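Numbered by this note's numbering, the letters in the sequence shown go through residues 125 to 536 in order.
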Amino acid sequence: MAVWDAFQGALAVAVKAATDAAALLPAVPVWADELRAMRGVAAPAATGEHAARPPKVKLDPAVLKDMREKAAAAVQEALSKLEHEVTEGHGKATPKVAADLRHALKEHIRNIDSKLEAAAHAALTAAGELEGWQRWRADQIREELVVKAEALVAKPMGGRKQQEALRTMREQWKTSDQGGTPNHALWKRFDDACNEAHKVVEVWLETVKEQAEATKAQRRALIDEVLVWAEAHKTNTDWKHHIRSLNGFVDKWREAGHLSEKAFTEIQPVWKAAMDAADAPLTAARNDSLARRKAMIEEAQVLGAEPQLRIDAVKALQQRWQHEAQGVPIERKQEQKLWDAFRKPIDDAFQRKTAEREKSAAALGEFDRMVLEASKAVEAATASGDAQKIHAAAKALEAIVRGQVPVPAPAP
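#1: What does a CB cutoff of less than 8 Å around M399 pick up in its chain, not counting 5 residues either side in sequence?
#2: Where does Q432 sit, in a helix, a strand or coil, going by DSSP?
#3: Is the beta carbon of E241 sitting closer than 9 Å to the one on A198?
#4: Report the residue ranges of all alpha helix (DSSP H) runs contained in full by the stretch 300 to 361; include only those spanning at least 4 residues, in chain order.
#5: Measure the CB-CB distance between W311 and R343 and report whether it falls below 9 Å.
#6: How big is the Cα-Cα spacing for G381 and A289?
#7: Is it buried or exposed, P469, if we count other Cβ atoms within 10 angstroms and call 16 or more buried?
#8: Please report how far the alpha carbon of W128 lies from the alpha carbon of D157, in whole angstroms.
#9: Specify the secondary structure class of G372 as computed by DSSP and reduced to three states.
#10: Out of A134, A161, L329 and R291, point me to the one whose CA is closest to G283's CA.
#11: Grab me the residues of Q335's own chain with a C-beta within less than 6 Å of its C-beta, minus the 5 sequence neighbours each way, in chain order.
#12: With DSSP run on the structure shown, which of helix, strand or coil describes G451?
#13: According to the neighbour-count rule (16 or more other Cβ atoms, all chains shown, within 10 Å of its Cβ), is H366 buried or exposed?
#14: How would you write the range of the alpha helix (DSSP H) that D129 sits in, first residue to last?
#15: Less than 9 Å separating the beta-carbons of F474 and L521?
#16: Quick one: residues in its chain with C-beta nearer than 6 Å to the C-beta of L462, no 5 flanking neighbours on either side, listed in chain order?
#17: Going residue by residue through the stretch 210 to 296, where are the continuous alpha helix (DSSP H) segments of at least 4 residues, counting only ones entirely within it?
#18: Apart from the five residues just before and just after I347, which ones in its own chain have a Cβ nearer than 7 Å to its Cβ?
#19: Can you name, in chain order, every residue of its own chain whose Cβ lies under 7 Å from the Cβ of V539, other than the five neighbours on each side?
#20: State the CB to CB distance for the pair A518 and V495, rounded to an integer number of angstroms; the pair is presumed to be in contact (CB under 8 Å).
#21: Pull up the CB-CB distance for W377 and L406, whole angstroms please, since I reckon it's below 8 Å.
#22: Taking the alpha-carbon positions, what's the A498 to R476 distance?
#23: Quick one, are the C-beta atoms of V137 and A151 less than 9 Å apart?
#24: Can you tell me whether A415 is buried or exposed, with buried defined as 16 or more other CB within 10 angstroms of its CB?
#25: Considering A523, what are the terminal residues of the alpha helix (DSSP H) in which it resides?
#26: Report the rounded CA-to-CA distance for A246 versus K189, giving the unit in angstroms.
#27: Please classify S499: does DSSP put it in a helix, a strand, or coil?
#28: Excluding the five sequence neighbours on either side, which residues of its own chain have a C-beta within less than 6 Å of the C-beta of S508, listed in chain order?
#29: My guess is that V277 and E320 are in contact by the Cβ rule of under 8 Å, so how many angstroms apart are they, rounded?
#30: H382 by DSSP, collapsed to three states: which one?
#31: Thinking C-alpha only, which one of R410, E295, A273 and L383 is nearest Q286?
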């Protein structure tokens, strides 16, 4: 209709100019030339595209060479960037780099050779194929995500798994948008399905919230119970009962329901403070017991270093240790370490005493052997009937019995 209206307007002007020589000529050049011929008027000089072009100015070869080198460098730089993006498969950056190459070609196409121009067009074609493939692949991924989201509506996974699945699918959709043109129709289907599937997550979150509140209330009640127990037993000295009660509280705390990391971080210091208050009397008693045990270890070291081991003192010290260990129990590994330190000096003293006894026994055996040999010599002399030998053997036996003959030291 716009063309028809323009034709009608130009025709009306031409008809008027044909009847009136003073009227304006139409804008159609052919009609205007015919009307001028009818009027006997010469055609105006050519202007614009039909005007005679001025002769071209010849450029200096050096300047022309420099222009061509700069043009080739600019196009080559843009071409290299595009080829790199296409090779790497960066669909997001490819359109911008391709536009830069097109602009470089538009600016410098007259000053580059045909080989570079062909390479640039080939790279632009490859970039177009990459963009088209990525758009196709992005839509394929989106259709798969829509199917998965609608499957979650039909058959929910429930709870945390459904929440994680929806979060993962939304992240995948964002990634597909980065690699291709957005598809609003698929996005509407996907978003509606995700919102519908998220209703199951909302119900689960509400249930989890209620359970968390109940668990938090249970843990606070346990903390209050510990504080009441600590106040009631702060003067109690039955430490075994004390330890059993504290271990029972710890088991209840461990078996309480699950809390979120944030809620657990908030309530954990309150629990530790309550347990420290309940454990304070036992901790003080253990510290006092450790001090007494260290003092008994020092006493044992003094007893073990004495030249004459006093058995009665050792027994009394051991009884004190047993009484202390039964009165205030401590951690088994620490108790064993202290017991080993307490027992070592006494064991060393008993070992020294045993070695001395064995040494004395060895020396006594050598004396008996000498007496036995002297007695046998007397018997042999008596059997021989030689009075002089009998007298000498008897004197030697008498000397040994009286200790006048030195007893040789036992072999090491």
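All residues carry an ideal CB built from backbone N, CA and C; glycine is no exception. As the structure is a prediction and not an experimental result, all values here were calculated from the model.
In brief:
#1: Excluding residues within five positions, the ones whose Cβ falls inside 8 Å are V350, L370, F373 and V374.
#2: Note: Q432 maps to coil in three-state DSSP.
#3: At a Cβ-Cβ threshold of 9 Å, E241 and A198 do not count as neighbours.
#4: Taking 4 residues as the shortest admissible run, the stretch 300 to 361 contains the following complete alpha helix (DSSP H) segments, listed from N- to C-terminal end: 308 to 356.
#5: Their beta carbons are not under 9 Å apart, which means W311 does not touch R343 by this criterion.
#6: Taking the CA atoms as reference points, G381 sits about 25 Å from A289.
#7: Buried: at least 16 other Cβ atoms inside 10 Å.
#8: In this structure, the straight-line span from the alpha carbon of W128 to that of D157 is close to 22 Å.
#9: G372 falls in the helix class under three-state DSSP.
#10: Ranked by Cα distance from G283, the options A134, A161, L329 and R291 are led by L329.
#11: Scanning its chain for C-beta atoms nearer than 6 Å, with the 5 sequence neighbours on each side dropped, one finds no residue around Q335.
#12: Helix at G451.
#13: With 16 or more Cβ atoms within 10 Å of its Cβ, H366 is classed as buried.
#14: A126 to T143 is the extent of the alpha helix (DSSP H) around D129.
#15: The Cβ atoms of F474 and L521 do not sit closer than 9 Å to each other.
#16: Cβ neighbours of L462 beyond the five flanking positions: R417.
#17: Counting only runs of 4 or more, we get 218 to 232 and 238 to 278.
#18: Correct list, in chain order: V394, W395 and A398.
#19: Shown here, the chain extends from 125 to 536; a query on residue 539 therefore has no answer.
#20: With 8 Å as the limit, A518 and V495 do not qualify as a contact, their Cβ atoms being about 13 Å apart.
#21: About 18 Å separates the two Cβ atoms, so there is no contact after all.
#22: Computed Cα separation, rounded: 34 Å.
#23: Yes; because the gap between Cβ atoms is below 9 Å, this pair is in contact.
#24: For A415, the number of other beta carbons within 10 angstroms of its own is below 16, and it is reported as exposed.
#25: A523 -> alpha helix (DSSP H) spans A511 to V525.
#26: So the alpha carbons of these two residues sit roughly 25 Å apart.
#27: Annotated three-state conformation of S499 is helix, per DSSP.
#28: If we look at S508 and ignore the five residues flanking it on each side, it has no Cβ neighbours.
#29: Between E320 and V277 the Cβ distance is about 5 Å, and since that is below 8 Å, they are a contact.
#30: Coil, per DSSP.
#31: Nearest of R410, E295, A273 and L383 to Q286, Cα basis: A273.
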